[in-house]
Amino acid sequence: MQQYGSGEASNGERPLSCNSSSPVPAPASRVRRFALERRAVPQPRVMVVFSAQTETDKPGDAMSSSDSAEDDFRKPAILMPNLNLGKPLRSLNASQEFPEVIPLNVGGTYFTTRLSTLRRYEDTMLAAMFSGRHHIPRDAEGRFFIDRDGTYFGDILNFLREGELPQRDRVRAVHREAQYYAVGPLLGSLEDTQPLTGEKVRQAFLDLLPYYKDNLERIVEIAKLRAMQRKARFAKLKICVYKEEMPITPYERPLFNSLRFERSESEAKLFEHHCEVDVSFGPWEAVADVYDLLHCIVSDLAERGITADQQCIGVCDKHLINHYYCKRPIYEFKITWW
1 MQQYGSGEAS NGERPLSCNS SSPVPAPASR VRRFALERRA VPQPRVMVVF SAQTETDKPG
61 DAMSSSDSAE DDFRKPAILM PNLNLGKPLR SLNASQEFPE VIPLNVGGTY FTTRLSTLRR
121 YEDTMLAAMF SGRHHIPRDA EGRFFIDRDG TYFGDILNFL REGELPQRDR VRAVHREAQY
181 YAVGPLLGSL EDTQPLTGEK VRQAFLDLLP YYKDNLERIV EIAKLRAMQR KARFAKLKIC
241 VYKEEMPITP YERPLFNSLR FERSESEAKL FEHHCEVDVS FGPWEAVADV YDLLHCIVSD
301 LAERGITADQ QCIGVCDKHL INHYYCKRPI YEFKITWW
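Using UniProt numbering, you'd call the opening residue of the sequence shown number 1 and step up by one each time.
Structure follows, in structure tokens:
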């Protein structure tokens, strides 16, 4: 028998090595060997150095894997150039330019005036509006728009132009507009003319009656309630208006003056009574009398569009003590609603 070498086959070819412990085909062996070799070779590591450490950076983040290094290179911290450096930046507070002649649209009414007229008094609202510090909208025709009723704006301009004051029947309305536009010199001039001067004097008298406004509201409420309950065109109220606390007639006053120092406390309470009326005004210490207060009541109701007529219907005539009776005058007010 012919002996062959242990490493050769009968046909001269080298036999395949078959290991019973690892029966892996040749291609699989090469893949496995490549994986082992790759694991044995040290992988490259990249150190990334930043110019400044942020709050989210950690000391162990300096060394990273190749994947994280690639991410870092994909997102470099590059300072982008400012494309607007060559362009002048417009300030938000830039002054608004105005022409010498200003066209105005005040609530739909057109006016034209000089810029210097609107800036005549520095502390006014108009001077501030056209100082260039504020933006003023324009209408479709390019006029500067002020959202305010322009009925009395011409009176404001006339005062700014040459100090002209409005006619008497327009004083109250122009005074309100002067308050809105804060035209102090015009306010001072109007308050020294009628009817505003007279209103100051009248208000000084009404200040002696701190309950005056409340009583006026009470008159309106009672009259409205009675008219609605009775389905009537008007309502009637009884109102007591007296100037002096002593409820006596003038010819009884000498006797009353001697009696009031002699009466007891229980008798004194008899003089502090309330007349059976809807509303009572008084007493007060001033030259103005009962008729002056009645005029104030009727006038203030008329300012609210309420028509009121009044007439004296007698006195309270309530018995007080001995032969003394309350002599406070009682007036009937007729409030007409339509």
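Note that beta-carbon positions come from the ideal geometry of N, C-alpha and C, so glycine has one too.
All figures in this text were calculated on a predicted structure; none of them were measured in a lab.
Check whether residue i and residue j have beta carbons under 9 angstroms apart
i           : j       : result
Val-171     : Pro-195 : yes
Ile-313     : Lys-213 : no
Ile-335     : Ala-235 : yes
Arg-148     : Gly-184 : no
Leu-320     : His-274 : no
Asp-288     : Phe-205 : The sequence shown places Ala at residue 288, not Asp. Contact: yes.
Thr-124     : Leu-157 : no
Phe-333     : Ile-146 : no
Gly-163     : Ser-189 : yes
Tyr-211     : Arg-328 : no
residue 340 : Phe-111 : The structure shown does not extend to residue 340, since the chain spans only 1 to 338, so no value can be given for it.
Terminal residues of the alpha helix (DSSP H) in which residue i lies
i       : result
Ala-223 : 212-230
Cys-296 : 290-303
Glu-332 : Here Glu-332 belongs to no alpha helix (DSSP H); instead the beta strand (DSSP E) covers 329-336.
Tyr-181 : 171-181
Val-201 : 196-206
Arg-161 : 153-162
Thr-117 : 115-118
Ser-189 : 184-190
Leu-126 : 125-129
When the options are compared against residue i, the one with the closest alpha-carbon
i       : options                               : result
Leu-208 : Trp-284, Ser-189 and Gln-96           : Trp-284
Asn-215 : Gly-282, Asn-158 and Lys-231          : Gly-282
Glu-187 : Ile-297, Leu-293, Gln-311 and Tyr-121 : The identity of residue 187 in the sequence shown is Leu, whereas the question assumes Glu. Closest by alpha carbon: Tyr-121.
Val-315 : Asp-292, His-295, Val-298 and Ser-280 : Ser-280
Neighbourhood of residue i by C-beta, 7 angstroms cutoff - its chain only, sequence neighbours within 5 removed
i       : result
Val-277 : Lys-238, Ile-239, Cys-240 and Ile-330
Arg-161 : Thr-117
Arg-226 : Ala-235
Pro-166 : Asp-155 and Val-174
Gln-311 : Tyr-331 and Glu-332
Range of the contiguous beta strand (DSSP E) that encloses residue i
i       : result
Gln-310 : 307-315
Phe-145 : 144-146
Ala-235 : 234-241
Other residues of its chain near residue i: CB distance less than 8 angstroms, five sequence neighbours each side excluded
i       : result
Trp-338 : Arg-233
His-134 : Gln-96 and Ala-128
Phe-98  : Leu-115, Phe-130 and Gly-132
Residue i beta carbon near the ligand ZN (any heavy atom closer than 8 angstroms)
i       : result
Ile-330 : Absence of the ligand ZN is noted for the structure shown, with no ligands found whatsoever.
Close Cβ partners of residue i (< 6 angstroms) along its chain, the five nearest in sequence each way excluded
i       : result
Lys-318 : Cys-326
Open item on the list: If contact is defined by three or more beta carbon pairs under 8 angstroms, each pair taking one atom from either stretch, is the region 132-148 in contact with the region 192-199?
Closed with: no
Task: Cβ pair count under 8 angstroms reaching 3, the region 99-106 against the region 114-122 - done: yes
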